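Visitor: I'd like to ask you about the structure that follows.
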Amino acid sequence: MASHLFPAGQSSNALSSSRAYSRTYRALSWLAPGKVAENSGGVGCSSNGTAVANGAPGENGTLEDDATDLGYKMPPKEIADIVDAPPTPALSFSPQRDRILFLQRPSLTPISELARPELKLAGFRIDGEINARSRMGYYTSMSICDVSEEGVRGEERPITGIPEGAKINFTSWSDDGRHFCFTIRTNNIDCEGNEERSGLSLWVADLTTLEARELLPPTTAVLNTVFLSYSWVDDNTLIVATIPSNRGPPPKRKLAPSGPVIQSNETGKVSQARTYPDLLKDTHDEDLFDYYATSQLHVLDLSGNIQPIGVPRLYTSIDVSPDGKFMLITYVERPYSYVVPCGRFPLTVEVWRASGSAAGEKVRDVVRLPLAEDIPITFNSVRKGRRGINWREDKPATLYWAETQDGGDAKVEASPRDIVYTAPAEDDGSEPAVLAKTEQRYGGIQWQRDDQALLYESWYKTRNTRTWIFSPGDSSASPRLLFDRSWEDVYSDPGSPFSRRTALGSGVLAEVRGGKAAHPRLLFSGTGATPDGDRPFLDLFDLETKEAERVWQCGKDEYFESVVALMSDKQPELVEGRQLGDLEPFQLEEMRFLMSRESQTEPPQYFLWTVKTDAWQQITNFPHPYPQLKGLSKEIIRYQRSDGVDLMGTLYLPPGYDAKRDGPLPLIMWAYPREFKSKDAAGQMRGSPNEFSGIGSTSALLWLARGYAILDGPTMPIIGEGDQEANDKYVEQLVASAQAAVDEVVRRGVADPARIAVGGHSYGAFMTANLLAHCPQLFACGIARSGAYNRTLTPFGFQAEERTLWEAAETYMTMSPFMQANKIKKPLLLIHGEADNNTGTFPMQSERFFAALKGHGANTRLVILPHESHGYRARESIMHMLWEMDRWLEKYCVATSKTEEGEKVAATEGGAQVAVAAEAVESALAGRMRLLPEGTPISSL
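What follows is the structure in structure tokens.
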């Protein structure tokens with residue numbers, strides 16, 4: 013095996029013999045109960061003969077005793093090193109596409125950040141100390157460089173003036189690209205060692221001088237970013253949301269309640285809702301929600317002049333019109349709900365003036381919507397009344413929105429199903445005009461001019477999506493159907509049209525002149541899914557003939573390339589009397605694009621591609637994030653399920669591995685089921701074999717560094733064609749998919765059938781538990797993270813299931829691994845975040861499932877990660893989770909195939925016992941030993 017599988021700076025032949033002995037005897041203790049002890053490497057012997065130690069497994073400890081120790085553990089160094097690798101910076105391009113801002117990101121968050129008090133209110137989590145959402149990520153510093161039209165990158169220079177230790181959020185360019193706004197929060201330690209945290213202050217960087225300064229200090233006003241932060245009105249003016257200056261201390265809960273908490277449905281109204289987390293629970297929660305979410309709006313210019321507008325309210329969004337003269341204001345009002353989150357509370361939408369002395373003056377009431385507890389759970393069901401209220405991108409200040417004609421209930425037949433309306437910003441007394449009508453659920457509009465725009469509609473039950481061409485300025489013109497397809501069919505995806513900037517900074521459809529046609533055409537980009545893998549493309553699409561001319565497509569070999577952004581998109585001059593979208597088309601030969609290029613061994617890098625010369629100018633040179641795995645093998649494998657459905661998965665093998673020479677490996681199968689309406693669509697190829705293998709901090713691919721094979725994302729399609737409901741055959745299809753995947757990796761000789769582990773997160777955890785219940789013969793053990801296991805606790809639907817428990821009781825019960833707890837005999841590790849905020853996956857799901865398994869004598873372990881949500885954030889949590897997974901895999905996957913040899917050891921006496929056990933260990937780990945140079949000690953495994 014290549015030496016870079018071992019800890020940095022240490023070759024495969026340099027491992028100490030003491031570690032070899034330590035690892036050998038830990039392996040023996042798994043296979044053979046007996047009095048085996050060795051003091052080398054920190055291992056001792058307790059009074060009952062069990063090996064004991066103080067270190068972490070992979071270093072100098074035993075798995076058994078560390079498993080019961082309290083405190084966070086560290087995984088083996090080869091895993092920890094990858095997790096701790098410095099993250100790649102985020103990139104942000106100026107509106108003129110002539111500058112790149114590099115935003116540096118920190119490594120993993122410490123648990124102390126997550127442990128801060130937070131309020132769980134109306135579906136949100138709030139850090140009351142800084143009046144912002146809790147658990148926010150952040151940037152630590154910023155630098156900038158120029159990019160010429162030829163793609164030549166200038167020197168990277170830092171933005172100065174930013175305080176040390178600043179946490180940067182809410183970044184945004186001014187429209188002219190001369191300024192860049194952001195927020196800062198800091199954690200300071202006073203002379204007595206106490207931490208002092210600041211609220212969020214607003215800063216601005218002058219990109220001519222590269223100096224940053226505080227624009228809105230906390231002494232003037234403190235930002236309230238629970239819902240809003242700020243919005244640019246023009247290049248010198250912003251609207252900001254702050255904490256009201258007269259706000260007092262937060263409301264305190266009364267020691268004695270004033271009465272019971274009551275919810276009532278005496279009207280008999282049908283109100284179904286999924287199991288939402290973090291809801292309001294009582295009147296005190298309501299008061300807290302008001303306290304922290306209420307904002308005062310201000311007009312603020314870049315000189316620091318500030319003026320309040322409006323009255324304090326619970327504002328949830330601000331959207332400034334393209335011309336900067338008006339703003340669409342949304343705010344929430346009482347009565348609140350204890351069964352649905354804030355997004356369904358009563359809300360009001362108004363239009364205000366955004367600039368001048370009249371800023372904050374209301375000019376139109378757009379809509380007042382009541383509490384919406386009764387939106388049906390059926391997909392495509394929506395809120396009654398006006399929704400999707402936005403500014404037209406092709407007009408200075410014109411509104412549009414949709415209104416349902418079926419009462420918001422997708423089960424109700426209606427024609428049309430939605431109507432799209434438009435109206436000016438100021439209320440002139442006229443009725444809103446009808447723009448379009450849809451037979452399916454309205455999905456949005458891409459604007460261009462009065463004579464041309466694209467409208468989208470779709471329907472979940474059939475997976476159908478339609479795109480229409482229509483004339484917004486001519487109500488007599490009939491819309492024309494452009495695309496009518498299944499969104500599951502990735503091979504037929506025509507891509508999406510590019511937008512370009514108008515003179516006011518809004519975005520309209522980009523037209524391009526060039527190629528084989530004389531007239532302008534739209535520019536489309538897409539993933540280019542093919543049976544050989546994704547091959548992204550650029551097309552010129554003719555709306556009249558509905559034909560596409562290919563401008564560029566990614567090749568098949570070595571590299572995966574894709575289009576990131578249009579770099580020729582400079583803001584045009586405003587022409588009086590001309591429509592915003594009536595722009596001179598781009599000339600194809602003069603266009604430039606930001607492209608991404610990567611391969612299996614090279615991380616993504618950005619290039620500037622010039623169409624005329626076909627030159628690719630590299631503008632980033634990020635290092636390989638984990639060079640120790642640079643030689644890994646990646647292959648998208650294809651195989652079939654017993655019912656003929658085509659399946660696929662990405663097979664990863666450790667660097668230096670050769671199946672014929674090295675034999676089968678222990679394998680981790682990490683998956684996530686998905687629902688389909690069509691067998692053909694379910695079997696289509698997705699992804700590219702040439703993409704770089706990004707390894708996240710919780711990825712199963714980390715175990716490549718431990719010598720495992722990984723089958724990542726093997727497809728587990730659950731198909732319900734026609735009127736069939738996919739979940740009615742969930743178990744049968746899931747088992748068949750797993751069987752096909754196992755058969756394929758065993759057939760290839762890369763996986764030992766006795767050493768295959770299965771795992772998944774969320775719905776993948778649900779899958780894992782089901783597989784151990786229904787096909788335990790396929791797997792040595794399982795790992796299930798943050799799952800839901802009892803579907804009676806999610807009675808109003810889950811995942812893609814639209815029926816209620818009472819409509820499909822048998823399906824709910826059959827799918828629930830909780831109901832099969834007595835059948836699960838293979839070792840199952842359950843991991844869950846204590847503060848899971850995902851719909852349906854409350855920690856109670858894992859706690860009750862563990863109790864059911866334990867009640868039937870199953871080999872199981874439950875790990876609750878303090879303060880963690882559905883996805884894990886803290887370094888301590890992630891490292892400990894990886895330690896748990898590694899321990900489980902080493903104990904129940906790697907060593908499990910030699911149980912019989914271990915039983916023989918138990919019946920043997922004295923020195924013969926050790927000899928047989930050692931033979932069993934070497935046999936059990938033979939596949940991994942074959943990967944190492946001759947003479948490498950067993951500890952390196």
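Take the sequence shown: its letters are residues 13 to 953, numbered as in the numbering used here. Glycine included, every Cβ here is placed at the ideal spot set by N, Cα and C. Owing to the predicted nature of the structure, the values given are computational and were not obtained by experimental measurement.
1) Relative to the C-alpha of residue 178, which residue among 195, 184, 684 and 162 is closest?
2) Pairs of beta-carbons, one from the stretch 558-576 and one from the stretch 415-433, closer than 8 angstroms: are there three or more?
3) Which residue wins for smallest C-alpha separation from residue 516, given the options 525, 407 and 607?
4) What residues in its chain sit with their C-beta under 6 angstroms from that of residue 153, if we drop five residues either side in the sequence?
5) Please list, in chain order, all residues of the same chain as residue 301 whose beta carbon is under 6 angstroms from its beta carbon, the five residues on each side excluded.
6) Would residue 289 and residue 816 be called neighbours here (beta carbons separated by less than 8 angstroms)?
7) Tell me which residue opens and which closes the alpha helix (DSSP H) that residue 119 is part of.
8) Mind the definition here: the stretch 849-868 touches the stretch 822-836 only if three or more C-beta pairs lie below 8 angstroms; say whether that holds.
9) Please confirm whether residue 606 and residue 620 have their CB atoms less than 8 angstroms apart.
10) Sorted by chain position, which residues of the same chain lie with C-beta nearer than 6 angstroms to residue 95's C-beta, five sequence neighbours on each side aside?
11) In whole angstroms, what is the alpha-carbon distance linking residue 234 and residue 648?
12) Residue 900 by DSSP, collapsed to three states: which one?
13) Counting only runs that start and end within the stretch 103-183, where is the beta strand (DSSP E) found for 3 or more residues in a row?
14) Are the Cβ atoms of residue 322 and residue 366 separated by less than 8 angstroms?
15) If residue 842 and residue 874 are in contact, beta carbons under 8 angstroms, what's the gap, nearest whole angstrom?
16) Assess, as a yes-or-no matter, whether the stretch 740-748 is touched by the stretch 775-783 under the definition of 3 or more beta carbon pairs within less than 8 angstroms.
17) Which residue comes first and which comes last in the beta strand (DSSP E) that contains residue 773?
18) With burial defined as no fewer than 16 other Cβ atoms inside 10 Å of the residue's Cβ, what is the status of residue 687: buried or exposed?
19) Return the Cβ separation of residue 343 and residue 325 in integer angstroms, given the expectation that the two are a contact with Cβ distance under 8 angstroms.
20) Let me know the secondary structure DSSP gives residue 468 once reduced to three states.
21) If you draw a straight line from the C-alpha of residue 312 to the C-alpha of residue 104, how long is it?
22) Leaving out the 5 sequence neighbours to the left and right, which residues in its chain are closer than 6 angstroms to residue 183 when beta-carbon positions are compared?
23) Between the C-alpha atoms of residue 700 and residue 421, what's the straight-line distance to the nearest angstrom?
24) Indicate whether residue 222 and residue 189 have their beta-carbon atoms separated by less than 8 angstroms.
25) Looking at residue 600 and residue 584, is the spacing between their C-beta atoms short of 8 angstroms?
26) Excluding the five sequence neighbours on either side, which residues of its own chain have a C-beta within less than 6 angstroms of the C-beta of residue 246, listed in chain order?
27) Apart from the five residues just before and just after residue 634, which ones in its own chain have a Cβ nearer than 7 angstroms to its Cβ?
28) Taking the Cβ atom as the reference point for each residue, do residue 906 and residue 685 lie within a distance shorter than 8 angstroms?
29) Taking only the alpha-carbon atoms, compute the straight-line gap between residue 967 and residue 509 and give it to the nearest angstrom.
30) Using three-state DSSP, classify residue 239 as helix, strand or coil.
31) Keeping to the same chain, check which residues put their C-beta closer than 8 angstroms to that of residue 92; ignore five residues upstream and five downstream.
32) How big is the Cα-Cα spacing for residue 523 and residue 461?
33) Which class does residue 394 belong to by DSSP, given the choice of helix, strand or coil?
34) For residue 375 and residue 249, what's the separation of their Cα atoms in angstroms?
35) State the Cα-Cα distance for the pair residue 320 and residue 493, rounded to the nearest angstrom.
36) Between residue 173 and residue 857, what straight-line distance do the alpha-carbon atoms span, to the nearest angstrom?
Guide: Reading it off the structure:
1) 195
2) no
3) 407
4) 116
5) 133 and 134
6) no
7) Residue 119 -> no alpha helix (DSSP H), and no H or E assigned at all.
8) yes
9) yes
10) 709
11) 52 angstroms
12) helix
13) 111-116, 131-133, 136-139 and 153-158
14) no
15) 5 angstroms
16) yes
17) 763-773
18) buried
19) 4 angstroms
20) strand
21) 24 angstroms
22) 194
23) 39 angstroms
24) no
25) no
26) 336
27) 100, 615 and 617
28) no
29) Residue 967 is absent from the structure shown; the chain starts at 13 and stops at 953.
30) coil
31) 86, 891 and 894
32) 11 angstroms
33) coil
34) 20 angstroms
35) 48 angstroms
36) 48 angstroms
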